[in-house]
């Protein structure tokens, strides 16, 4: 192999190595983006789960308060028969 061919092959090898390093870097960046987005999705899912649990708690409290209001209203409102002297 002549010196020119050796130099050309070495240059091509360096170029290929540089491209490989570039693509490895891009893959690492993309992998980090995927990891970051996965973490964001997990955080969002956790927030939704917590909000759903809180909604269930709030609905239970609403039902309890509605029951208390019904009882309090029933105690304040005389029965129809009692109002008519029956």
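Numbering (our numbering), first residue to last: 62 to 147. The C-beta atom is built at its ideal place from N, Cα and C for all residues, glycine as well.
- Under the three-state reduction of DSSP output, residue 113 falls in the helix class.
- In this structure, the alpha-carbon of residue 80 lies about 15 Å from that of residue 90.
- DSSP, read as helix, strand or coil, puts residue 69 in helix.
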